[in-house]
Amino acid sequence: MDWQEKDVLVIDEVRMLGARTLHAVNEQLCRLRGSQQDFGGIPIVLFCGDFHQFRPVQDRPIVLPSTVVSWDVDNSFKAEQRHQHDKAHALWNKFTTVVMLNEQVRAAEDPELQALLKRILSGVQDGFGPATGKAGGSRGRRVTPLNRNRWNLNMEASLAFQVQQRSIMRIFISEHKWREGLPTEEEATMMLNQGDDSAIPVPGVFMFVPGMPVVVNPALRTKQNTTKSNQYKSIQNKAKLDLFKTILAYRFLYW
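Counting the sequence shown from 1 gives a position; my numbering is that position plus 44.
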């Protein structure tokens, strides 16, 4: 990749971007573009969400200076890491042009969620409380902050759907992580028990029941009309099963 020919760098979900990662990006771009300007002189566009949600993994957030961050949690953050954090935080403070996006595209077909998001953005509180939240919402949908929670919900829902439909369930192994041989009985048990866990060196699995509802997350396979956040009903034929196996390899099928 020739970074001299690139016009702009877009970074999504910057709230999950650690300070040391931003520092490394800046260093690499300066080296690859042969320039000592910030980010090698390439324009940067950052997409920001709620910084109170998911923080960076094994790193410190870029929005805070090192003086307000606890550095005594473990021994992995030395003086060099603190220096890198301060340089990244200084870079963050140079982003001064802000564009507010107020259109909720993903919630376009959920008026209750749209209304809730508007109330949150405007700081308005009304009668919508926990009781209303439990009773409302689209059927079967859950927002889960952890992959293991999503896995548990998907597995229970798939099993319940299989019993309800009295149909055959097929379990696919994630091919991009499991290419040689078949799993042992112990490894198969670990897959079903752990679901999505980076600490367990076994592949993920996808439980498939014909007719089960699916949602596509990334905008992949656009030629086959599998676009982002749309809902689909799975059917059982070879072409579709091949597609679902490919989708599984990218791991973006969710119940």
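Just so you know, even glycine gets a beta-carbon here, dropped at the ideal spot from N, CA and C.
- Between PRO254 and ILE212, the gap from beta carbon to beta carbon is short of 9 Å.
- Contact check between the segment 79 to 91 and the segment 100 to 108: fewer than three CB pairs, one atom from each, fall below 8 Å, which does not count as touching.
- ARG214 is bridged by DSSP to PHE252.
- Close CB contacts of TRP136 within its chain, under the 6 Å cut and outside five residues either way in sequence, are with ILE106 (chain order).
- In this model, PHE95 and MET60 are separated by some 8 Å (Cα to Cα).
- The Cβ-Cβ distance between GLY84 and LEU76 falls below 9 Å.
- Nearest neighbour of ASP51 by Cα position, chosen from THR65, PRO87, CYS74, turns out to be PRO87.
- With respect to ALA132, ARG64 sits close: the two C-beta atoms are nearer than 9 Å.
- Residues of the same chain with a CB within less than 8 Å of the CB of GLN80, apart from the 5 flanking positions on each side, are CYS74 in chain order.
- Taking the Cα of SER110 as reference, the smallest distance to any Cα among ASP46, GLY62, ASP82, PHE139 is reached at GLY62.
- Measuring C-alpha to C-alpha distances from GLN128 to each of PHE205, PRO155, VAL69 identifies VAL69 as the nearest.
- Membership of LEU90 in any alpha helix (DSSP H) is not indicated; the residue belongs instead to the beta strand (DSSP E) covering 88 to 90.
- Per DSSP, the beta bridge partners of PRO105 are GLY62.
- For LEU165, the enclosing alpha helix (DSSP H) starts and ends at 155 to 166.
- For the options SER166, PHE250, ARG163, LEU165, the alpha carbon positioned closest to that of TRP195 is the one of PHE250.
- Counting along the chain, LEU53 sits inside the beta strand (DSSP E) bounded by residues 53 to 55.
- Between the alpha carbons of LYS162 and LYS122 lies a distance of about 43 Å.
- In this structure, ASN146 lies away from LEU160, with their beta-carbon atoms at least 9 Å apart.
- The alpha-carbon of LYS138 is positioned some 21 Å away from that of GLY78.
- Closest in C-alpha terms to LEU203, from the list THR228, PHE252, VAL142, comes PHE252.
- Residue state for VAL142 is assigned as coil, using DSSP reduced to three classes.
- Burial check for MET256: the Cβ neighbour count within 10 Å reaches 16 or more, so the residue is buried.
- Going by C-alpha positions, LEU197 is about 12 Å away from PHE205.
- Going by DSSP, ASP130 is part of the alpha helix (DSSP H) stretching over 123 to 137.
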